[in-house]
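Novice:
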Amino acid sequence: MMTTKHRLSLRTFLGAAVLSLGLSAASVPAAPSLSELAAYSGVSEQMLRDAVAASTLQPTIIKTMTRPYESKPWWQYRKLFITTSRIDAGVQFYLQHEATLQRAERDLGVPPEIICAIIGVETFYGRNMGTWSVLDALYTLGFNYPPRESYFSKEFANFVKLAQRENWVLTSVKGSYAGALGMGQFMPSSYLDYAIDFDGDGKVNLFTDIEDAIGSVANYFKGHGWQSGHGIYYPALVPDQAAALKDKEWNLNGRELYGAGVSTKVNLHPDEKMRLFVYDLEDGSQSWGVGLENFHVIMRYNKSPLYARAVYELSEFIRIGYLQQLKAQGHVIAPKGRIP
Ligand SMILES: [Ca+2]
278 MMTTKHRLSL
288 RTFLGAAVLS
298 LGLSAASVPA
308 APSLSELAAY
318 SGVSEQMLRD
328 AVAASTLQPT
338 IIKTMTRPYE
348 SKPWWQYRKL
358 FITTSRIDAG
368 VQFYLQHEAT
378 LQRAERDLGV
388 PPEIICAIIG
398 VETFYGRNMG
408 TWSVLDALYT
418 LGFNYPPRES
428 YFSKEFANFV
438 KLAQRENWVL
448 TSVKGSYAGA
458 LGMGQFMPSS
468 YLDYAIDFDG
478 DGKVNLFTDI
488 EDAIGSVANY
498 FKGHGWQSGH
508 GIYYPALVPD
518 QAAALKDKEW
528 NLNGRELYGA
538 GVSTKVNLHP
548 DEKMRLFVYD
558 LEDGSQSWGV
568 GLENFHVIMR
578 YNKSPLYARA
588 VYELSEFIRI
598 GYLQQLKAQG
608 HVIAPKGRIP
């Protein structure tokens, strides 16, 4: 347990680091106090104080936070996730859990390949769920990392609440360096809000119960507005004069897109909300694409456009690999259309 004095000196150091990154101190929201966190989460202040006392500062986590994967160019990031082994394991995961995945699609509207791709990118289908103490991770980022304290201190309180609900020993739960949990790497707030008991055994367990993990990822997507049967992402040809459209982010529709001379293989609806993305390729060129609302929903899982594209591409490879397996087994495949 670090003393307050140590924490304050680290805070001052990080404060200076934030300023050197060009962020003004005012742009960093103030971290809530323990009493505010108690009021926010419904967990008693004493319980939060005990949880803080049981936590250990992990400076390595702060170093990792400052150089995330998402700062890489697309072509490097892609190589981390779009690999033959991750695709093949994804197809196997799909075949092995086909009935559960199909039930998730029927009940919650989210396609199997998207659920597989999320679990594949997050934890390689449950193999790497993280080895950090979640308590230490959330304490470190929630109370010793000013740029994100406002967010992570709330997740710290949510974790204490979740551990109480699930009867977990606070110090024994393992996850990512950012405190994400289980096969789909849910933050504690998402675990509280979206994790479901999808196999009906009366417990919600995203660590060992694959059916719960599958249903919960689908439930998260449904809860964030996944549009069943709709498209996700389309490659686009973008003339120079239309490149600035990407700065409109999600305030763009098909009419403006095509009006500026952009073309896509499939015609998107003129009134549909969309966003233009550009990705850096290894040869120095760029690849453009249009994300629809479903792409936006993937970005609710992780806000990086690199992440969303990696999940989308992996999902397509898994979908194709799965269909090939079915065909090899002699099944007749009916094409499943998506409304663009
Ligand atoms: Ca269960």
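Numbering (the working numbering), first residue to last: 278 to 617.
Even for Gly, the Cβ is constructed at its ideal location relative to N, Cα and C.
Only a predicted model underlies this, so the values are computations on that prediction, with no experimental measurement involved.
1. Using 8 angstroms for Cβ pairs, my map puts L529 next to R552. What's the rounded Cβ distance?
2. For S362 and K349, I'd like the C-alpha separation in whole angstroms.
3. Please report the residue range of the alpha helix (DSSP H) in which P350 lies.
4. Excluding the five sequence neighbours on either side, which residues of its own chain have a C-beta within less than 8 angstroms of the C-beta of W527, listed in chain order?
5. Should the segment 445-454 be regarded as contacting the segment 406-426, the criterion being three or more beta carbon pairs within less than 8 angstroms?
6. Quick one: measure Cβ to Cβ for A381 and G492, integer angstroms, because I've assumed they're closer than 8 angstroms.
7. Give the range of the beta strand (DSSP E) segment to which Y371 is assigned.
8. Can you tell me the Cα-Cα spacing of F484 and M406, whole angstroms?
9. Across the segment 305-315 and the segment 421-439, are there enough close Cβ pairs to call them in contact, namely three or more that are closer than 8 angstroms?
10. Kindly indicate which residue of V567, L325, Q563 has the alpha-carbon position closest to the one of T541.
11. Let me know the secondary structure DSSP gives H501 once reduced to three states.
12. Give a yes or no on contact between the segment 470-478 and the segment 350-357, applying the rule of three or more CB pairs nearer than 8 angstroms.
13. Alpha carbon to alpha carbon, how far is H374 from L603? Give it in angstroms, no decimals.
14. Could you tell me the alpha carbon to alpha carbon distance between L600 and A457, rounded to whole angstroms?
15. Do P465 and N435 have their beta-carbon atoms positioned less than 7 angstroms apart in this structure?
16. Closer than 7 angstroms by C-beta to A587: which residues in its own chain qualify, once you throw out the five before and the five after it? Chain order, please.
17. Taking 6 angstroms as the line, does the beta carbon of D384 fall inside it for any heavy atom of ligand 1?
18. Strictly closer than 6 angstroms from CB to any heavy atom of ligand 1: give me those residues in the order they appear in the chain.
19. Please report the straight-line C-alpha distance between S564 and V515, rounded to a whole angstrom.
20. Could you tell me which residues DSSP puts in a beta bridge with R344?
21. Hey, how far is the Cα of Y422 from the Cα of I339?
22. Return yes when the Cβ of I610 is within less than 7 angstroms of the Cβ of E390, no when it is not.
23. Determine whether the beta carbon atoms of Y416 and S332 lie at a separation below 7 angstroms.
24. Relative to the C-alpha of N571, which residue among F401, S505, K580 is closest?
25. Hey, A308 and E426 are a contact pair by Cβ (cut 8 angstroms); roughly how many whole angstroms apart?
26. Within a Cβ cutoff of 7 angstroms, which residues of the same chain sit near G502, ignoring the five residues on either side of it in sequence?
27. Do A537 and L522 count as a contact pair if the criterion is CB distance below 7 angstroms?
28. Taking the beta strand (DSSP E) that P465 belongs to, which residues open and close that run?
29. Mapping the DSSP letters down to three states, classify L458 as helix, strand or coil.
30. Assuming the contact rule is C-beta atoms closer than 8 angstroms, I392 and L591 should be a hit. Round their C-beta distance to whole Å, please.
31. Looking only at its own chain, which residues have a Cβ that is under 7 angstroms from the Cβ of V494, when we skip the five neighbours before and after it?
32. So, for V368: in the same chain, excluding its five sequence neighbours on each side, which residues have a beta-carbon less than 7 angstroms away from its beta-carbon?
33. I'd like the span of the beta strand (DSSP E) that includes K550, first residue to last.
Specialist: In this structure, then:
1. Cβ-Cβ separation between L529 and R552: approximately 6 angstroms, consistent with a contact (criterion under 8 angstroms).
2. Between the alpha carbons of S362 and K349 lies a gap of roughly 21 angstroms.
3. Taken as a continuous stretch (DSSP letters only), P350 belongs to no alpha helix (DSSP H), as it is neither H nor E.
4. So the qualifying residues of the chain are K550, M551, R552, H573.
5. With three or more CB-CB distances shorter than 8 angstroms, the segment 445-454 counts as touching the segment 406-426.
6. Taking C-beta atoms under 8 angstroms as the contact rule, A381 and G492 qualify, at a distance of about 6 angstroms.
7. Unbroken run through Y371 is the alpha helix (DSSP H), 361-373; no beta strand (DSSP E).
8. Taking the straight line joining both Cα atoms gives about 8 angstroms.
9. Yes, the segment 305-315 touches the segment 421-439.
10. Nearest C-alpha to T541: V567.
11. In the three-state DSSP reduction, H501 falls in the coil class, being neither helix nor strand.
12. The segment 470-478, when compared against the segment 350-357, does not touch it at the 8 angstroms Cβ threshold.
13. Rounded to the nearest angstrom, the two C-alpha atoms are 14 angstroms apart.
14. For the pair L600 and A457, the Cα-to-Cα distance works out to about 32 angstroms.
15. Using a Cβ distance threshold of 7 angstroms, N435 and P465 count as a contacting pair.
16. Y354, R355, F358, I359, V398.
17. D384 Cβ: outside cutoff for every heavy atom of ligand 1.
18. In chain order, the qualifying residues are D474, D476, D478, K480, V481, N482, D486, D489.
19. Between S564 and V515, the C-alpha separation is close to 9 angstroms.
20. In the DSSP output, where bridge partners are listed per residue, R344 has none listed.
21. Cα to Cα, Y422 sits roughly 7 angstroms from I339.
22. No.
23. Yes. Within cutoff.
24. For the set F401, S505, K580, the Cα lying nearest the Cα of N571 is the one of S505.
25. With a Cβ gap of about 4 angstroms, A308 and E426 count as contacting.
26. Counting only Cβ-Cβ distances below 7 angstroms, and skipping sequence neighbours, we find E570, V574.
27. Taking 7 angstroms as the cut-off, the Cβ atoms of L522 and A537 count as close.
28. Counted as a single uninterrupted DSSP element, the stretch harbouring P465 is not any beta strand (DSSP E) but the alpha helix (DSSP H) occupying residues 465-471.
29. Three-state DSSP puts L458 in a strand.
30. That pair is no contact at about 11 angstroms.
31. For V494, where only same-chain residues beyond five positions count, the Cβ hits under 7 angstroms are I392, I395, I396, G461.
32. Closer than 7 angstroms at the Cβ level, and outside the excluded window around V368, lie I595, G598, Y599, Q602.
33. K550 -> beta strand (DSSP E) spans 550-557.
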